[in-house]
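K.L.:
Dropping the structure in here first, questions after.
In full-length UniProt numbering, the protein residues as written are 1 to 379.
Below you can see the structure in the form of structure tokens.
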């Protein structure tokens, strides 16, 4: 796709002044300034066509367009993409809803927001950039998964109930994982280090892929490929980064360096533990699955509760039953009924809670099978 020679103002339709030598969209992956401008232009378009458009938003857009010729060309490119994808969005008959229990909203507003969200996703696909503004907060709702591309080309997949913020500067790329879980597929920029802060730890990487999960009780970092170093945040490298990082130097002191397939778990008042988990089980949530492997029933319910507002609970000795199985993230009730049937437990519902209780009997199956026990086909 080429830029036309006469970009126009999105508000009044008047021609915008073009600049000589503006880079084409195809060069965005090699031009960080243009890549960022394309991402910001996509965000402006989604806002203009959504329910949040106001005169103040329009004035803000005018100021942004006036800041740089790259902004004007990026906006024209994004506008052209929008016009081409708009018809496809309206013809779309199927929309995937990842959050299983959305909060009630006004129907007209929900339709408008849904249209903007779908069209924005198409813009991401066509432009190859994420709908992201540096410094903005990013989060997912209960049961929601979200994949986005940051301005440097790094792809991030957020799991349920995750909060994250991003702060890029000239010398480093900094992401703060405030809660939840995310997979980072880091774009390779040797002179632009990528650092994730989670609690009292920092994960330092170059071009690599890793998983970070931050719960109230512990922090786990799993390396999928490449190489990372995990350091205490009081040894932060953020304040003095001005070029490439040598991970062999960072690994000195209290840092933990991981090899592909390794995971380090930090728990309060405990020595960090490094192990090699089954990666397919850890990342099953990307396919909408929960892989429960020899957990107590209380632990398994805690894991299922991350994905739904329908909460599971267990009372009495049944909490210590060991269970295994693969369930869809939306199958909390099926999981509870399968356990109750297998172990002879009582099941009762109290509002948005399902509670299991009773004395467990010897299981009829060694592994929970949703297909045979719950009547719900296992993936």
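Cβ coordinates follow ideal geometry from the N, Cα and C atoms, glycine included. Note that the structure is a prediction, hence the values are computed from the model and not measured.
Find the nearest neighbour of residue 219 within the set 53, 268, 256, 327, judged by alpha-carbon distance.
P.N.:
268
K.L.:
Name the residue from 323, 328, 186 whose alpha carbon lies nearest to the alpha carbon of residue 342.
P.N.:
Selection 323, 328, 186 evaluated against residue 342 yields 323 as nearest (Cα-Cα).
K.L.:
Do you know offhand how far residue 358's Cα is from residue 340's?
P.N.:
When rounded, the distance between both Cα atoms is 9 Å.
K.L.:
Taking the beta carbon of residue 182 as the centre, do at least 16 other beta carbons fall within 10 Å, making it buried, or is it exposed?
P.N.:
Classification for residue 182: buried.
K.L.:
Take the Cβ of residue 144 as the centre, count every other Cβ of all protein chains shown within 10 Å, and call the residue buried at 16 or more, exposed below.
P.N.:
Buried is the label assigned to residue 144, since at least 16 other Cβ atoms lie within 10 Å of its Cβ.
K.L.:
Would you check if the segment 288–296 and the segment 313–327 touch, i.e. whether three or more CB-CB distances between them fall below 8 Å?
P.N.:
Enough Cβ pairs lie closer than 8 Å, so yes.
K.L.:
Just to confirm my understanding: we take residue 344, look at its own chain, exclude 5 residues before and 5 after, and list those with CB closer than 6 Å. What are they?
P.N.:
361
K.L.:
Under three-state DSSP, which class holds residue 362?
P.N.:
coil
K.L.:
Whole alpha helix (DSSP H) runs in the UniProt domain "FecR N-terminal" (40–79) with 4 or more residues, listed along the chain?
P.N.:
DSSP assignment within the UniProt domain "FecR N-terminal" (40–79) yields the following whole alpha helix (DSSP H) runs of 4 residues or more, N-terminal first: 55–67.
K.L.:
Using only CA atoms, which one of 43, 68, 69 lies nearest to residue 57?
P.N.:
43
K.L.:
Only counting the same chain, and skipping five residues up and downstream in sequence, which positions put a Cβ closer than 6 Å to that of residue 96?
P.N.:
Confidence in residue 96 is poor, its pLDDT being 41 and thus under 50, which makes the residue's placement too unreliable to answer from.
K.L.:
Take residue 162 and list the residues in its own chain whose beta-carbon comes closer than 7 Å to its own, dropping the five residues that flank it on each side.
P.N.:
139, 140, 179, 180, 181, 182
K.L.:
Suppose you measure from the CA of residue 35 to the CA of residue 188; what does that come to, to the nearest Å?
P.N.:
One C-alpha to the other measures close to 15 Å.
K.L.:
Is DSSP giving residue 308 helix, strand or coil here?
P.N.:
coil
K.L.:
For the candidate residues 308, 292, 316, 353, whose alpha-carbon lies nearest to that of residue 325?
P.N.:
Out of 308, 292, 316, 353, 292 has the C-alpha closest to the C-alpha of residue 325.
K.L.:
Hey, how far is the Cα of residue 216 from the Cα of residue 69?
P.N.:
46 Å
K.L.:
Return the first residue and the last residue of the alpha helix (DSSP H) that residue 144 is part of.
P.N.:
Per DSSP, residue 144 belongs to no alpha helix (DSSP H) and is neither H nor E.
K.L.:
Let me know the secondary structure DSSP gives residue 171 once reduced to three states.
P.N.:
coil
K.L.:
Less than 7 Å between the beta carbons of residue 260 and residue 225, yes or no?
P.N.:
Against a cut-off of 7 Å, the Cβ pair of residue 225 and residue 260 comes out as a contact.
K.L.:
Which residues mark the beginning and the end of the beta strand (DSSP E) in which residue 324 is found?
P.N.:
322–328
K.L.:
May I have the straight-line CA-CA distance separating residue 277 from residue 64, to the nearest angstrom?
P.N.:
47 Å
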